[in-house]
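Put into structure tokens, the structure is as follows:
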């Protein structure tokens with residue numbers, strides 16, 4: 456399945472899914488912008504976990520951010536958990552678990568509201584400002600330092616004299632970034 460955003464003639468944005476056929480292409484939910492007096496911003500931090508799409512949306516009715524899950528059907532696109540006045544970030548999957556940061560507190564989720572809770576586990580680089588995973592390696596930035604974690608330990612790769620590494624990308628198995 457492919458997920459994408461599409462705006463209508465009234466500039467209202469909808470989250471669509473497609474299996475590549477006309478019958479399998481349809482909107483999953485409407486996303487309306489605050490400037491028009493409506494309720495939501497576009498989804499961000501889209502992450503595949505357990506065969507489903509997880510993403511965050513700022514919802515101005517809460518006010519806060521909601522974690523959503525979609526199995527690619529209208530009925531299966533649901534709010535997992537809402538965070539009033541809190542900001543979840545850095546959705547990531549490590550060792551078969553979905554993790555994310557909520558204002559400095561590490562959470563994990565099994566895809567249900569009651570199963571989305573703070574955790575005591577340590578996930579390398581979760582509090583990082585940038586993070587990218589390639590196989591069993593996680594590259595992340597904290598402050599002005601770029602680290603790699605191989606699942607067992609952290610290794611410092613770069614300390615920037617000015618600024619910090621940004622826009623981490625893995626291309627053909629190699630790490631690229633801007634300094």
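In this note's numbering, the protein residues as written are 456 to 634.
Every residue gets a Cβ at the ideal spot worked out from N, C-alpha and C, and that includes glycine.
Query: Would you mind sorting residue 624 into buried or exposed? The rule is 16 or more other CB atoms within 10 Å of its CB.; Result: exposed
Query: By Cβ distance, which residues of its chain are closer than 6 Å to residue 552, with the 5 residues on each side in sequence left out?; Result: 563
Query: Kindly provide the ranges of any beta strand (DSSP E) runs that are 3 or more residues long and lie completely inside the segment 523-569, ordered along the chain.; Result: 532-539, 543-549, 552-557 and 560-564
Query: For residue 630, which beta-bridge partners are listed by DSSP?; Result: 625
Query: Buried or exposed for residue 538, going by 16 or more other Cβ atoms inside 10 Å?; Result: buried
Query: Cα separation between residue 464 and residue 526?; Result: 27 Å
Query: Classify residue 512: buried if its beta carbon has 16 or more other beta carbons within 10 angstroms, exposed otherwise.; Result: buried
Query: DSSP beta-bridge partners for residue 588?; Result: 593
Query: Could you pull out every residue in the same chain whose Cβ sits closer than 7 Å to the Cβ of residue 489, ignoring the five residues on either side in sequence?; Result: Annotation note: pLDDT 46 at residue 489 (below 50); position unreliable, no value reported.
Query: Taking just the CA atoms, how far does residue 509 sit from residue 542?; Result: 15 Å
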